[in-house]
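Step one of this worksheet: look at the structure below.
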């Protein structure tokens, strides 16, 4: 006896397959890839003066430029934030690496993570770090960066950045002082050295130019 296949079922299964494929692709694309890049130099920091202003979530934010900043680096992790004030000002943190840390990122089993505006990492075996030297060398060639887009165009670009991308950012290391009309205040300060760790060690970058180099 010949069996007929319901055309509606075929259409449903086809659409389901396509949907699953799209979701899998977006998941993989969203997570990015693990990658190593050789030859990325240290960030360039220069003297700078100036300021900018942003209005976010009822706050008027005064942004003071502390130093000019350019970085060409490998993205080893990303984290988005949506809190009312800091998330509106800096919607994404980028964990960036250069030098030997970037070069050996695909061969050393770094476990990078970001949470609460911090970046942390570890390896299962300390001997894995031999190609880059030691813990201090890793921490001198990687940083967690709070990204303040200068405008909506820059924001769209930085929100597309994924793990494994090579990115070039230009802008300023900044301090932020913000207040609303109820007297509530908010401050945020950038590090200006690549050798510090812990509280206050992250770079707060007002980004005026962003490029994803595939």
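Residue numbers (this note's numbering): 77 to 290.
C-beta atoms are modelled at their ideal positions from N, C-alpha and C, and glycine is treated no differently.
Residue 211 versus residue 151 - alpha carbon distance | A straight line joining the alpha-carbon of residue 211 with that of residue 151 spans about 19 angstroms.
Out of 190, 183, 134, point me to the one whose CA is closest to residue 165's CA.
-> 134
Under the three-state DSSP convention, the category residue 134 falls into = coil
Under 7 angstroms between the Cβ atoms of residue 139 and residue 128?
-> yes
Contact under 7 angstroms by Cβ, residue 258 with residue 287 | no
The segment 205 to 223 in contact with the segment 170 to 182 per 3-pair CB rule at 8 angstroms | yes
Hey, residue 175 and residue 217: beta-carbon distance below 7 angstroms or not?
-> Yes, they are a contact pair.
How about residue 289 and residue 230: are their beta carbons less than 7 angstroms apart?
-> No, the pair does not count as a contact, with Cβ atoms beyond the cut-off.
Residue 281 lies in the beta strand (DSSP E); which residues open and close that run?
-> 279 to 289
Just the C-alpha distance for residue 267 and residue 285, rounded to the nearest angstrom, thanks.
-> 20 angstroms
At which residue ranges does the segment 160 to 228 contain complete alpha helix (DSSP H) runs of 4 or more residues, listed in the order of the chain?
-> With a minimum length of 4 residues, the unbroken runs of alpha helix (DSSP H) contained wholly in the segment 160 to 228 fall at 162 to 165, 175 to 179, 211 to 216.
Closest to residue 113 by CA distance: which of 173, 153, 143 is it?
-> 173
Relative to the C-alpha of residue 281, which residue among 220, 108, 153 is closest?
-> Sorting 220, 108, 153 by C-alpha distance to the C-alpha of residue 281 places 220 at the top.
Tell me, please, which residues DSSP counts as bridged to residue 122.
-> 144
Between residue 252 and the rest of its own chain, which residues show a CB-CB distance below 6 angstroms, the 5 nearest in sequence each way excluded?
-> 137, 139, 264
Span separating the alpha-carbon of residue 197 from that of residue 142 = 28 angstroms
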